[in-house]
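For the sequence shown, position 3 matches number 3 in our numbering, and the numbering has no gaps at all.
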Amino acid sequence: MAVISAGCLVSRSGANGAEVLLVHARGASFRLPLFGIPKGVVEPGEDLETTARRETHEETGLRVRIRASLGDVRQKSGKVVHAFWATVEPESETAIDAAGRCGSPDAENDVCRFYPLAKARELMIPAQRVFLDRLEERLG
Numbered sequence: 001m002a003v004i005s006a007g008c009l010v011s012r013s014g015a016n017g018a019e020v021l022l023v024h025a026r027g028a029s030f031r032l033p034l035f036g037i038p039k040g041v042v043e044p045g046e047d048l049e050t051t052a053r054r055e056t057h058e059e060t061g062l063r064v065r066i067r068a069s070l071g072d073v074r075q076k077s078g079k080v081v082h083a084f085w086a087t088v089e090p091e092s093e094t095a096i097d098a099a100g101r102c103g104s105p106d107a108e109n110d111v112c113r114f115y116p117l118a119k120a121r122e123l124m125i126p127a128q129r130v131f132l133d134r135l136e137e138r139l140g
């Protein structure tokens, strides 16, 4: 049975258009596109949205509001990732610095930062790039 995880593609308005939050797994190579959305495994009895909000908060320190489902993808590993479009709750805005970095990343991640959509596409795990496409459709 495939591992099921859920997370959030968090967006905000930046100086030059939309930006999205990506995390980079601690210890992973910076030479490969290994950034992704904050996500984690669905715990027993937990629904996908609850998992997505919980994991995003655990990995970034941000509280988010779910806006819509962005569907799911199956990664090369076989893991199924469900993504939700989310925005930062007002009380969490102060946790984001001027460079777009948030909080202090937990032990899982060594980078937690907002990127413009074009840069995010370069950095993202290929299987998760479809979430950017789906977000761009929603943003118009």
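Ideal Cβ placement from N, Cα and C applies to all residues, glycine included.
From a predicted model like this one, the values you see are computed outputs, not experimental measurements.
| Asked | Found |
| --- | --- |
| Nonlocal neighbours in the same chain, by C-beta distance under 6 Å from leucine 48, ignoring five residues either side | Ala6, His82 |
| Within 7 Å, strictly: CB atoms of leucine 135 and cysteine 102 | no |
| Proline 38 burial status per 10 Å Cβ neighbour count (16 or more: buried) | buried |
| Beta-carbon separation (whole angstroms), arginine 54 vs isoleucine 66, contact threshold 8 Å | Contact doesn't hold; Cβ gap of about 12 Å is too wide. |
| Own chain partners of valine 64 with C-beta closer than 7 Å, once the 5 adjacent residues on each side are dropped | Cys8, Val10, Arg53, Thr56, Ala86, Thr87, Val88, Glu89 |
| Buried/exposed call for glycine 36, threshold 16 Cβ in 10 Å | buried |
| Assigned exposure category for valine 3 - 16 Cβ within 10 Å defines buried | exposed |
| Proximal residues to valine 142 (C-beta, below 8 Å), its chain only, five neighbours per side dropped | Residue 142 lies beyond the range of the chain shown here (1 to 140); nothing can be said about it. |
| Exposure of threonine 60, with buried meaning 16 or more beta-carbon neighbours within 10 Å | buried |
| Pairwise C-alpha distance: isoleucine 125 and leucine 22 | 10 Å |
| Proximity below 7 Å, CB of valine 80 to CB of valine 130 | no |
| Limits of the unbroken beta strand (DSSP E) element including glutamate 19 | 17-25 |
| Close Cβ partners of alanine 68 (< 8 Å) along its chain, the five nearest in sequence each way excluded | Phe84, Trp85, Arg138 |
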